[in-house]
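The listed protein sequences derive, respectively, from chains G and X. Start counting the first sequence at 1; every next residue gets the next number (the numbering used here). Start counting the second sequence at 1001; every next residue gets the next number (the numbering used here). Cβ coordinates follow ideal geometry from the N, Cα and C atoms, glycine included.
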Amino acid sequence: MAIDNVIEARDLRKVYQMGEVEVEALRGVSFEIKRGEVVSIMGPSGSGKSTLMNTLGCLDRPSSGEYVLDGEAVASLNDDQLASIRNRKVGFVFQSFNLLSRQTAITNVELPLRYSGATEGRRDRAIEALKAVGLGERMTHRPTELSGGQQQRVAIARAIVNNPAMIMADEPTGNLDSKVGKEIMTLLLNLNRDSGTTLIIVTHDPVIAEQTQRVIRLRDGLLESTS
Amino acid sequence: MNLAQAFLEALESVNGNKLRSGLTVLGIVIGVAAVIAMLAVGRGAEESITGSISGIGTNLLFVFRGGADESIRNERPITLADAEAIADPFAAPSVEAVAPILQSNLEISYGGERTTVEVNGATPAYFPVQNHELTEGEFINEEHMLGRASVVLIGPEAADTLFGRHDGITGETVRIDGQPFRILGVLASKGGGAFGSQDNLAIIPFSTAQARLIRRNTRDQVDILLVQAVSGDAVLMATEEISAILRQRHRTPVGADDFTIFTQQDLLATFQSITGILTVFLGGIAGISLLVGGIGIMNIMLVSVTERTREIGLRKALGARRRDILIQFLTESSLLSLIGGIIGIMFGWLISFAVGQIAVASGTAFTPVVGFDAVALATIFSAAVGLFFGIYPANRAARLEPVEALRYE
Chain G
1 MAIDNVIEAR DLRKVYQMGE VEVEALRGVS FEIKRGEVVS IMGPSGSGKS TLMNTLGCLD
61 RPSSGEYVLD GEAVASLNDD QLASIRNRKV GFVFQSFNLL SRQTAITNVE LPLRYSGATE
121 GRRDRAIEAL KAVGLGERMT HRPTELSGGQ QQRVAIARAI VNNPAMIMAD EPTGNLDSKV
181 GKEIMTLLLN LNRDSGTTLI IVTHDPVIAE QTQRVIRLRD GLLESTS
Chain X
1001 MNLAQAFLEA LESVNGNKLR SGLTVLGIVI GVAAVIAMLA VGRGAEESIT GSISGIGTNL
1061 LFVFRGGADE SIRNERPITL ADAEAIADPF AAPSVEAVAP ILQSNLEISY GGERTTVEVN
1121 GATPAYFPVQ NHELTEGEFI NEEHMLGRAS VVLIGPEAAD TLFGRHDGIT GETVRIDGQP
1181 FRILGVLASK GGGAFGSQDN LAIIPFSTAQ ARLIRRNTRD QVDILLVQAV SGDAVLMATE
1241 EISAILRQRH RTPVGADDFT IFTQQDLLAT FQSITGILTV FLGGIAGISL LVGGIGIMNI
1301 MLVSVTERTR EIGLRKALGA RRRDILIQFL TESSLLSLIG GIIGIMFGWL ISFAVGQIAV
1361 ASGTAFTPVV GFDAVALATI FSAAVGLFFG IYPANRAARL EPVEALRYE
């Protein structure tokens, strides 16, 4: 049972201290995501969508509640342990790509491997990942020499290079025109289909949400629906 | 992430913003160059002074009238008779030679040229004791002494001032304090030194000085006794022997000497401590500029951390631990100051060399010495500056929360 679920969230709460006022961004959220599932998280701004994403991506700890990612209880880990979890189990894809502008595509893709302590075969794995996203020809280009779609492909290659348990994509098509956006979505879905990597897409675009198997809707820090 | 990678990344980052890196490095370059140059100048000064003190003669003692204690009254002058007593090999076996001197600054003139020089009335013993050599002519001998001859040995600098040259002037007549003196010879140059030039002097027979130029209240009075010990090790013994002789002759109570004996070692020690303080002082001032350079590094690293907040957030999202970020920024700041240190050492060496050349061109024998220890000190210090001033910015980068850092615009 536990093996089938990549994500198990139990009563996740997150409280921010904004000066004198306490703001509850998450007010008890529970759900599961199965291995290989494609899920989108939707919700208006202020719904706790970003907070949930940060928590699921192990960038932040919940104030209370339980969170098990790929069999590991994450909620109580320290910063370095979280960093290690992020490195091994989570592949991030951001709206604004977040590539190192002075580095080549291949060096960007290698970056997670550097932090995982892998010393051998890094370059080969990076090349493999770039080929998987269809960028075998442009590996030595810098981000400034690539189009938006190509940059996002580099970012996706970076996300999959360490064989993570899930890919966490935050508005992956938000900075792209609709045609290129469709290509990126197709690529992400194909990667999910081919390798079975769980895909979580945070979006407010209903067209994208339609392409996922399940939609988790948030409102005011609470789960509205999970279908 | 291992150190070699961190180093390569730091190199890329430093290289990516050449102007800024260059300006930051410049602060360290100036600091290190100043330290190197100042230490070199201080060291050079020390060697030059030590050299010139050694040039005065070897194993020398100077005996003056007057004790260290101000309260002693009726100080008796040092006399020729004292000199003879000290020269007695049975009373003072550690003494090799004694040279009594009468000393005064007098005007010397030739034609329309005039200058003031240090005139020494000296005996023939003076020349070996003082390591003097001649470029032409002959030394003062006993005959000149007995005859109170009006002859003078002239230093090369005084000769240049009067004649515009320092050769071929033997036999010319100069006037000292209005009285005519025939030039007997020209002294070889000893170069400039701690006491001003040792070449701007004139030496006349002691008896002549005593009778006609440098009169003193007491008959047979001597200004300074130059005493040469038989060897360097005998200097201390010689001091004891001379003290015993003078105490007996001057009938001074114990502990109330009316004379002072100063050895060359004392002189060396004094000047070495002075140049030591000078070096520390100059080095300290230069060190301040290195400190300022370090603050420049800290400033730029802080700007860099702020500028790269998103990058730091991304790296953390991809699995960088605090340590990885810390190492990344520390490597970068150390690299900046290391580059500055290396350029600074070369630059400092160049400055030292230039100072040496200027000194040579202006006729002062003075060579700044860039010591290995100064180079090592500058390297270690500049790397330490980079590390120290990198710690705060690097720590700030390492402590950034990934969520906040990623959201940073």
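Asked: Among X:A1040, X:I1140, X:A1234, X:R1407, whose alpha-carbon lies nearest the alpha-carbon of R1310 (chain X)?; Found: X:R1407
Asked: Run through DSSP, which three-state label would R1251 (chain X) get?; Found: coil
Asked: Using 10 angstroms around the beta-carbon of L135 (chain G), count the other beta-carbons present and answer buried if the total reaches 16, otherwise exposed.; Found: buried
Asked: Using only CA atoms, which one of G:Q95, G:G36, G:K34 lies nearest to G148 (chain G)?; Found: G:Q95
Asked: Taking beta-carbon pairs under 9 Å, can you tell me which members of the stretch 1312–1327 of chain X lie near chain G?; Found: G1313, L1314, R1315, K1316, A1317, L1318, G1319, A1320, R1321, R1322, R1323, D1324
Asked: Assuming D1324 (chain X) is part of the alpha helix (DSSP H), what are its boundary residues?; Found: 1322–1361
Asked: Taking L111 (chain G) as the query, report the chain X residues whose CB atoms sit under 8 Å from its CB, ordered along the chain.; Found: R1315, L1318
Asked: Kindly list, in the order they appear in chain G, the residues whose Cβ is closer than 7 Å to that of Q1432 (chain X).; Found: With chain X running from 1001 to 1409 in the structure shown, residue 1432 (chain X) is simply not present.
Asked: Find out if the Cβ-Cβ distance for the pair V952 (chain X), F1347 (chain X) is shorter than 8 Å.; Found: One cannot answer for residue 952 (chain X) here, as it falls past the ends of chain X, which runs 1001 to 1409.
Asked: Determine which residues share a DSSP beta bridge with V154 (chain G) and list them.; Found: Per DSSP, none; premise fails for V154 (chain G).
Asked: My guess is that A1081 (chain X) and D1220 (chain X) are in contact by the Cβ rule of under 8 Å, so how many angstroms apart are they, rounded?; Found: 6 Å
Asked: Nearest to L1153 (chain X) by CA position, among X:T1161, X:A1354, X:A1033, X:L1134, is which residue?; Found: X:L1134
Asked: Report the three-state DSSP secondary structure of A1398 (chain X) (helix, strand or coil).; Found: helix
Asked: R1323 (chain X): which of G:P44, G:V68, G:G117, G:T186 sits nearest, CA to CA?; Found: G:G117
Asked: DSSP state of A1174 (chain X), grouped into three classes?; Found: For the record, residue 1174 (chain X) in the displayed sequence is Val; it is not Ala. Three-state result, V1174 (chain X): strand.
Asked: Give the residues from the stretch 48–66 of chain G that approach chain X closer than 7 Å (Cβ to any Cβ), ordered along the chain.; Found: N54, L59, D60
Asked: How should V154 (chain G) be labelled, buried or exposed, when 16 other C-beta atoms within 10 angstroms of its C-beta is the threshold for buried?; Found: buried
Asked: Following the continuous alpha helix (DSSP H) through I106 (chain G), name the residue where it begins and the one where it ends.; Found: 105–115
Asked: Have a look at Q1005 (chain X) and V74 (chain G) and give me their C-alpha separation to the nearest angstrom.; Found: 30 Å
Asked: Under a CB-based cut-off of 8 Å, is V1403 (chain X) close to chain G?; Found: yes
Asked: In its own chain, which residues sit with a C-beta less than 8 Å from the C-beta of L1335 (chain X), not counting the 5 before and 5 after it?; Found: F1007, A1010, L1011, V1014, G1386
Asked: Use the C-beta contact count for N78 (chain G): other C-beta atoms within 10 angstroms, 16 or more gives buried, fewer gives exposed.; Found: exposed
Asked: Which word fits E37 (chain G), buried or exposed, when buried means at least 16 other C-beta atoms lie within 10 angstroms of its C-beta?; Found: buried
Asked: Mind checking whether N1059 (chain X) and S1231 (chain X) have CB atoms under 8 Å apart?; Found: yes
Asked: What's the C-alpha gap between N965 (chain X) and A1211 (chain X)?; Found: Residue coverage of chain X in this structure runs from 1001 to 1409, which leaves residue 965 (chain X) outside it and unanswerable.
Asked: Distance cutoff 8 Å, beta carbons only. Does E1012 (chain X) sit that close to anything in chain G?; Found: yes
Asked: Can you list, in chain order, the residues of its chain with a C-beta nearer than 7 Å to that of A209 (chain G)? Leave out the 5 residues immediately preceding and following it.; Found: S40, M42, T203, V215
Asked: Leaving aside the five residues before and after I1053 (chain X) along the sequence, list all residues of the same chain whose C-beta is less than 7 Å from its C-beta, in chain order.; Found: A1194, Q1264, L1267, L1268, F1271
Asked: Taking the CB atoms as reference points, tell me whether P172 (chain G) and L188 (chain G) lie closer together than 8 Å.; Found: yes
Asked: What runs of the beta strand (DSSP E), each 3 residues or longer, lie entirely inside the stretch 11–79 of chain G?; Found: 21–34, 38–42, 64–69
Asked: In three-state terms, what does DSSP make of L1153 (chain X)?; Found: strand
Asked: Against chain C, does G1022 (chain X) count as a neighbour if the rule is that its beta carbon must be under 8 Å from one of theirs?; Found: The displayed structure is made up of protein chains G and X, and chain C is not among them.
Asked: Taking 8 Å as the threshold (C-beta atoms), are A1037 (chain X) and I1380 (chain X) in contact?; Found: no
Asked: For a test of the three-state rule: what should DSSP assign to F1181 (chain X), helix, strand or coil?; Found: strand
Asked: So which of X:I1261, X:L1291, X:G1296 has the shortest CA-CA distance to L1236 (chain X)?; Found: X:I1261
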